[in-house]
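*Asks:* Going letter by letter, the sequence shown gives residues 41 to 454 in the working numbering. Just so it is clear, CB atoms sit at the ideal spot from N, CA and C, and this is done for glycine as well. Dropping the structure in here first, questions after.
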Amino acid sequence: MAPVRILIVGGGAAGLTVASQLHRARPQLAITLLEPSTDHYYQPGWTLVGAGVFSLEQTRRDEAGLIPPGVEWICDAAAAFDPVGQTVTTSGGQQLGYDALVVATGMRLCWEAIRGLPEALGRQGICSNYSRDHAAYTWQALQAFDGGTALFTCPPMPIKCPGAPQKIAYLADDVIKGKPGLAARSTVVYATATPGIFGVPTYAAPLRQVAARRGIDVRCSHTLTEVRADQREAVFQVKDGDSSREEVIPFALLHAVPPMAAPEVVATSPLAGPGGFVEVDKFSLQHIRYPNVFSLGDVSGLPNSKTAAAVRAQAPVLVANLLAHLDGGSGSDQYDGYACCPLITGYGKVIMAEFNYDQQPVPSFPLDPTVERWSMWVMKKDVLPWIYWNRMLKGAQHERRFIPGGGQVRQVSG
Ligand SMILES: Cc1cc2nc3c(=O)[nH]c(=O)nc-3n(C[C@H](O)[C@H](O)[C@H](O)COP(=O)(O)OP(=O)(O)OC[C@H]3O[C@@H](n4cnc5c(N)ncnc54)[C@H](O)[C@@H]3O)c2cc1C
């Protein structure tokens, strides 16, 4: 009998984790991973690349070394999905058949949506930790900053790691305050398209306090639309109740984050839901129209916070339900929307924000999760990267939480 064929599209955090877990659970499956890149990056490390803590190279590994032996790698990209014919066509023209499909292509960064930004990145103090090629430039720009406005922007949701646009603002503020006299001639502005500083109320409260303590000027409902690099001006569309107006903020340093979307090939496929992301059930991660299709990670249409930590919780659920489907049943494992955003609030300080679909805190540790801690900085800087490379990508199934079962919220402030 021919082996059952599993095709995984995308070999990033999600695709590699699922490939490893599936291969461990059922080595007889014929698993193929379709991934065009020969490098794999630990993107959560890019905030610390921009802050001068990691080099970019520390966040990189060869893709080949991460693919479990026994899983076939096709170094190409998906160009079309045909869920009725059960095939995926690659950019190179290959047609790949499957018995079950996992879609894990991640998100597309829409740099072009901000006029003037693509050509401005990487010069004149215009930087972004969301760009592999420019994360290191953020650190250079911060070191070169000599006063004026340091401007940090956040686009409308959904984006990956919704906390990352403000983490770098807090780190930058530390750098500015660390240089004699610089703070007195500088202003830090955080301009976000969202109506508040963070979507989860429990963690928004301490973040507002952090920004106030630092004297950061937080401007909500500000969507960056244009960067005038030569004039050093950023143009925003500002929502004011039912009306909107334009606001121009001059800057000396600009850290910009673009809006994000599902890749075109997914958004235009029959797999897409109304927003362009893969339309899967939010608990089972199974497609709502094509039962042999599953999705997780940033490209899935799940209403959770898009993070690598969420992938850690999603992968075992997806694998259990996919195997149940192959066995002719329907799986009962459910994803609860778990996400974790280590909110760096300065060098040596992190609020470890863990929460679920209901925006309730689900802390792994028996500690108040709303408090800034040095121990959580160590988690972010040292422990989480170790878990990622050595446990998660290798398919260790029990890493749903840092500590299975989690801790208790003793006291939630604010
Ligand atoms: C600056 C920054 C900071 C972050 N901080 C954190 C953090 O602190 N904590 C956290 O948990 N998460 C963080 N994240 C988010 C995290 O990196 C993502 O949520 C995670 O990588 C999602 O995994 P994924 O596999 O869905 O997507 P990705 O890891 O982006 O992988 C997608 C893969 O699909 C491939 N692909 C794309 N198109 C195709 C195609 N057509 N065919 C085949 N393959 C394709 C890509 O080459 C890529 O390898 C951060 C991200 C950034 C950028």
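Taking K279 as part of the beta strand (DSSP E), name the residues at either end of that continuous run.
*Replies:* Looking at the DSSP string, the run of the beta strand (DSSP E) that includes K279 is 273 to 280.
*Asks:* Is DSSP giving R248 helix, strand or coil here?
*Replies:* If DSSP states are grouped into helix, strand and coil, R248 belongs with the helices.
*Asks:* Given 6 Å as the limit, tell me if P311 has its C-beta closer than that to any heavy atom belonging to ligand 1.
*Replies:* Checking the displayed sequence, the identity of residue 311 turns out to be Leu instead of Pro. It does not: the Cβ of L311 is nowhere closer than 6 Å to a heavy atom of ligand 1.
*Asks:* Tell me whether the beta-carbon of A393 lies closer than 7 Å to the beta-carbon of Y243.
*Replies:* Yes. Within cutoff.
*Asks:* Could you check whether the Cβ of D338 sits closer than 6 Å to any heavy atom belonging to ligand 1?
*Replies:* It does: the Cβ of D338 is within 6 Å (strictly closer) of some heavy atom of ligand 1.
*Asks:* Taking just the CA atoms, how far does C194 sit from A292?
*Replies:* If you take the alpha carbons of A292 and C194, they lie about 17 Å apart.
*Asks:* Which residue's Cα is closest to the Cα of T410: V339, S131, C380, R329?
*Replies:* Residue C380 is the option with its Cα nearest to T410.
*Asks:* Give me the Cβ distance between A54 and T78, rounded to the nearest whole Å; I'm assuming they're in contact under 8 Å.
*Replies:* Not quite, the Cβ-Cβ distance comes to about 18 Å (not below 8 Å), so this is no contact.
*Asks:* Can we count S345 as close to ligand 1, meaning its CB is less than 6 Å from some heavy atom?
*Replies:* No, the Cβ of S345 stays beyond 6 Å of every heavy atom of ligand 1.
*Asks:* Identify whether V240 lies in helix, strand or coil by the three-state DSSP scheme.
*Replies:* Note: V240 maps to coil in three-state DSSP.
*Asks:* What residue range does the alpha helix (DSSP H) around A160 cover?
*Replies:* Segment 157 to 160, the alpha helix (DSSP H) holding A160.
*Asks:* For K219, does the count of other Cβ atoms within 10 angstroms reach 16, so buried, or fall short, so exposed?
*Replies:* With fewer than 16 Cβ atoms within 10 Å of its Cβ, K219 is classed as exposed.
*Asks:* In angstroms with no decimal places, state the Cα-to-Cα distance between E286 and P343.
*Replies:* About 30 Å.
*Asks:* Could you please give the first and the last residue of the uninterrupted alpha helix (DSSP H) stretch that includes T99?
*Replies:* No alpha helix (DSSP H) holds T99; DSSP gives it neither H nor E.
*Asks:* Name the DSSP beta bridge partners of T232, please?
*Replies:* In DSSP, T232 forms a bridge with C194.
*Asks:* Quick check on DSSP: helix, strand or coil for E152?
*Replies:* Looking at E152 - three-state DSSP - the assignment turns out to be helix.
*Asks:* I'd like the span of the alpha helix (DSSP H) that includes Q135, first residue to last.
*Replies:* Taken as a continuous stretch (DSSP letters only), Q135 belongs to no alpha helix (DSSP H), being part of the beta strand (DSSP E) at 135 to 137.
*Asks:* Just confirm the distance between the C-beta atoms of D257 and T227, as a whole number of angstroms; I'd bet it's less than 8 Å.
*Replies:* About 6 Å; that satisfies the 8 Å criterion.
*Asks:* Considering T87, what are the terminal residues of the alpha helix (DSSP H) in which it resides?
*Replies:* Note, T87: alpha helix (DSSP H), 86 to 90.
*Asks:* Please indicate yes or no: does the CB of K279 lie closer than 6 Å to some heavy atom of ligand 1?
*Replies:* The answer is no for K279.
*Asks:* Just verifying my parser: in three-state terms, what is the DSSP assignment at Y177?
*Replies:* Three-state DSSP puts Y177 in a helix.
*Asks:* Could you work out which residue in A118, V111, V58 is closest to T308 when comparing CA atoms only?
*Replies:* Selected option, being the one with the closest Cα: A118.
*Asks:* Taking the straight line between their C-alpha atoms, what separation do you get for G446 and D408?
*Replies:* Note on G446: pLDDT 45, under 50, position unreliable in the model; the coordinate value appears next. The straight-line gap from Cα to Cα measures roughly 12 Å.
*Asks:* Can you name the start and end residues of the alpha helix (DSSP H) that E304 belongs to?
*Replies:* Element bounds for E304: 304 to 307.
*Asks:* For a test of the three-state rule: what should DSSP assign to Y81, helix, strand or coil?
*Replies:* Y81 falls in the strand class under three-state DSSP.
*Asks:* How would you call W414, buried or exposed, if buried means at least 16 neighbouring beta carbons within 10 angstroms?
*Replies:* Flag for W414 reads exposed.
*Asks:* Starting from W113, follow the alpha helix (DSSP H) in both directions and report where the run begins and ends.
*Replies:* Unbroken run through W113 is the beta strand (DSSP E), 112 to 114; no alpha helix (DSSP H).
*Asks:* Do N396 and D376 have their C-beta atoms within less than 7 Å of each other?
*Replies:* Against a cut-off of 7 Å, the Cβ pair of D376 and N396 comes out as a contact.
*Asks:* Which word fits A28, buried or exposed, when buried means at least 16 other C-beta atoms lie within 10 angstroms of its C-beta?
*Replies:* This structure cannot speak to residue 28, because the chain is shown only from 41 to 454.
*Asks:* Can you tell me whether DSSP reads V418 as helix, strand or coil?
*Replies:* It is helical.
*Asks:* Is it buried or exposed, D186, if we count other Cβ atoms within 10 angstroms and call 16 or more buried?
*Replies:* Flag for D186 reads exposed.
*Asks:* Should K200 be counted as a contact of ligand 1 given a C-beta to heavy atom distance under 6 Å?
*Replies:* Yes; taking the cut-off as 6 Å, the Cβ of K200 has a heavy atom of ligand 1 nearer than that.
*Asks:* Is Q83 close to ligand 1? I mean its beta-carbon at under 6 Å from any heavy atom of the ligand.
*Replies:* Because some heavy atom of ligand 1 lies under 6 Å away, the Cβ of Q83 counts as near it: yes.
*Asks:* Does the Cβ-Cβ distance between N430 and A140 come in under 7 Å?
*Replies:* No, the Cβ-Cβ distance between N430 and A140 is not below 7 Å.
*Asks:* Keeping to the same chain, check which residues put their C-beta closer than 7 Å to that of E439; ignore five residues upstream and five downstream.
*Replies:* Below a pLDDT of 50, predicted positions are generally treated as unreliable, and E439, at 48, falls in that range; the measurement from the model is reported next regardless. Same-chain partners within the cutoff: R352, I427, R431, M432.
*Asks:* Tell me, which residues are paired with E319 by DSSP?
*Replies:* DSSP lists no partner for E319.
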